[in-house]
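What follows is a single structure, written as structure tokens, with notes after it.
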Amino acid sequence: MSPARPYDDERVPRRRSPRRVGDLLPEAARALGLEEQLRWARAGAAWERLVGARVPAAAGGSRPVRLEGDGTLVVEASAPIVGQELLMRADELLAAFGDLPDGIRAESLRVVVGRGIIR
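Following this note's numbering, the numbering of the sequence shown begins with 654 at its first residue and continues without gaps.
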């Protein structure tokens with residue numbers, strides 16, 4: 654008789670099906686009270702991809718900061734020229750951003766320049 658293998662032993666729990674880390678994040682964020690931070694992190698990544706595709710001259714130079722009560726999306730820009738590029742394409746960017754899965758619907762765009770650090 655051969656010795657029992659660990660996975661044949663009833664005391665050893667069976668492994669669950671593997672899950673993607675990205676699928677676990679919303680649940681973990683909810684448990685830790687970080688849902689809003691996760692939402693903005695995802696929105697920031699979506700914004701970065703969108704700007705990189707539609708306004709390459711402004712790629713990597715902005716990030717969404719908040720959505721104000723009147724529907725204005727406030728975006729921080731690293732330099733005035735980046736802000737100008739974004740404002741010139743504001744209608745297009747807002748429409749596309751609102752259509753993204755992790756995007757945010759907004760009525761208008763306001764750009765603030767250089768208040769924080771953008772990387």
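For every residue, glycine included, the Cβ atom is placed at its ideal position computed from N, Cα and C.
Is it true that the CB of residue j sits closer than 8 Å to the CB of residue i?
i, j, result
"P717", "G736", "no"
"A699", "D755", "yes"
"T725", "E701", "no"
Once DSSP output is grouped into helix, strand and coil, what is the label at residue i?
i, result
"V764", "strand"
"P754", "coil"
"R772", "Below a pLDDT of 50, predicted positions are generally treated as unreliable, and R772, at 44, falls in that range; the measurement from the model is reported next regardless. DSSP places R772 in coil when its eight states are reduced to three."
"V708", "coil"
"A721", "Reading off the sequence shown, one finds Glu at residue 721, where the question assumed Ala. Reduced to three states, the DSSP call for E721 is coil."
How would you label residue i, buried or exposed, when you count the other beta carbons within 10 angstroms and need 16 or more for buried?
i, result
"V765", "exposed"
"I757", "buried"
"G714", "buried"
Given this structure, state the Cα-to-Cα distance separating residue i from residue j, to the nearest angstrom.
i, j, result
"A749", "A711", "16 Å"
"Q690", "R719", "11 Å"
"E729", "A684", "29 Å"
"E721", "E745", "19 Å"
"G767", "R672", "39 Å"
"I734", "R669", "51 Å"
"R692", "V727", "15 Å"
"E680", "R695", "15 Å"
"L762", "R667", "51 Å"
"G686", "D676", "17 Å"
Between residue i and the rest of its own chain, which residues show a CB-CB distance below 6 Å, the 5 nearest in sequence each way excluded?
i, result
"L753", "A699"
"G751", "R758"
If you drop the 5 nearest sequence neighbours on each side, which residues of the same chain put their C-beta closer than 8 Å to that of residue i?
i, result
"V708", "E738, L739, R742 and L746"
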